[in-house]
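S.K.: Numbering (my numbering), first residue to last: 1 to 177.
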């Protein structure tokens with residue numbers, strides 16, 4: 001139990017560093033005047049975003065450490081399209097879930113939408129069963145994002161997923177943090 005809590009603590013620290021490294025990019029929404037505020041008070045805006053993301057990650061870490069959290073997660077299964085001119089494998093992520101791979105590994109995916117809090121923005125975090133953490137800041141549209149690959153193949157492992165699947169909104173893979 002102690003080892004699990006220390007892993008969550010380190011994941012929490014990595015997430016804060018990831019956000020700081022991203023330069024405090026704010027989501028562009030009508031409700032948010034943070035963009036103009038960031039021009040006037042750049043240090044305050046960045047600090048506020050870091051604090052909000054830090055709080056979100058801390059809350060998420062506490063939630064994930066609760067007994068039975070993983071049992072509540074829905075399994076995310078791949079959709080495979082195999083047409084004459086088009087092949088694609090897609091994972092549709094809505095809010096949170098777990099992907100189980102053919103080799104027995106699994107990753108837990110949790111997302112945040114800028115519609116819920118523009119200062120945190122769109123963010124997808126993936127936690128491996130080995131304590132690694134990955135992130136992507138692709139656009140979460142309606143609480144949904146897809147990770148796709150242009151082939152009709154199901155990944156054997158988390159490495160294959162992280163190396164070849166990318167967000168359908170920003171065409172970027174998940175970055176290890």
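We put the CB at the ideal spot given by N, CA and C, even for glycine.
Owing to the predicted nature of the structure, the values given are computational and were not obtained by experimental measurement.
Between residue 94 and the ligand ZN, is the CB less than 6 Å from at least one heavy atom?
M.R.: The ligand ZN is not part of the structure shown, which contains no ligands of any sort.
S.K.: Cα-Cα, which of 57, 46, 151, 47 is closest to residue 123?
M.R.: Taking only the C-alpha atoms, the option nearest residue 123 is 57.
S.K.: Counting along the chain, where does the alpha helix (DSSP H) carrying residue 163 start and finish?
M.R.: Counting along the chain, the alpha helix (DSSP H) containing residue 163 begins and ends at 158-164.
S.K.: Ends of the beta strand (DSSP E) at residue 121?
M.R.: That residue, residue 121, is in no beta strand (DSSP E); it is neither H nor E in DSSP.
S.K.: Could you please give the first and the last residue of the uninterrupted beta strand (DSSP E) stretch that includes residue 101?
M.R.: No beta strand (DSSP E) holds residue 101; DSSP gives it neither H nor E.
S.K.: Counting along the chain, where does the beta strand (DSSP E) carrying residue 146 start and finish?
M.R.: Run containing residue 146: 144-149, per the beta strand (DSSP E) assignment.
S.K.: Pull up the distance between the alpha-carbon of residue 145 and that of residue 91, whole angstroms please.
M.R.: About 8 Å.
S.K.: Identify, in the order they occur along the chain, each residue of the same chain with its Cβ nearer than 8 Å to the Cβ of residue 163, setting aside the five sequence neighbours on each side.
M.R.: Answer for residue 163: 173, listed in chain order.
S.K.: In whole angstroms, give me the CA-to-CA distance for residue 60 and residue 96.
M.R.: One C-alpha to the other measures close to 11 Å.
S.K.: Determine whether the beta carbon atoms of residue 52 and residue 160 lie at a separation below 7 Å.
M.R.: Cβ atoms of residue 52 and residue 160: not closer than 7 Å.
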